[in-house]
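First the structure, in the form of structure tokens, and then the observations on it.
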Amino acid sequence: MRRGPSRRSGWLLLFLVIVLAAIGNLAGDMLEQYVPALARTASFGLGPVDLDLDLVSLTLGARIVFNPGGLLGVLAGILLYRRF
């Protein structure tokens, strides 16, 4: 029996979502030849941004690609976090 507010870590939620999204994306990629609906993807992110300081040049960018399996993994991570 729990008393008071739960003190679960937000880091645990982030970890579960990232790991299960990666597993879901991998499963979606492996099964897309059998289930064509899994071949659809959505991506978002930032293009490359360059910072040139003459001595050092730095390029940063990020992109996240999801397929339906990855989205199911995100939902599973959130549900698992809320369940336990």
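Going letter by letter, the sequence shown gives residues 4 to 87 in my numbering.
Where is the CB? At the ideal position from N, CA and C, for every residue including glycine.
Classification of residue i by the beta-carbon crowding that lies within 10 angstroms, buried from 16 upward
i	result
leucine 23	buried
proline 71	buried
isoleucine 67	exposed
leucine 54	exposed
phenylalanine 18	exposed
Residue i and residue j closer than 9 Å at C-beta
i	j	result
threonine 44	proline 51	no
Close-in-space but distant-in-sequence residues of the same chain around residue i (CB under 8 Å, 5 per side omitted)
i	result
alanine 65	Gly48, Leu49
Rounded Cβ spacing between residue i and residue j (contact assumed at less than 8 Å)
i	j	result
phenylalanine 34	tyrosine 84	Before going further, note that residue 34 is leucine rather than phenylalanine in the sequence given. Between tyrosine 84 and leucine 34 the Cβ distance is about 25 Å, and since that is not below 8 Å, they are no contact.
glycine 3	leucine 75	Only positions 4 to 87 of the chain appear in the structure, and residue 3 is not among them; the question remains open.
Residues near residue i by beta carbon distance below 6 Å, same chain, minus five either side
i	result
valine 20	Val77, Gly80
Original post:
Using 8 Å as the Cβ pair cut-off and three pairs as the minimum, do the segment 50-61 and the segment 73-84 touch?
Top reply: Taking 8 Å as the limit for Cβ pairs, the verdict is that the segment 73-84 does not touch the segment 50-61.
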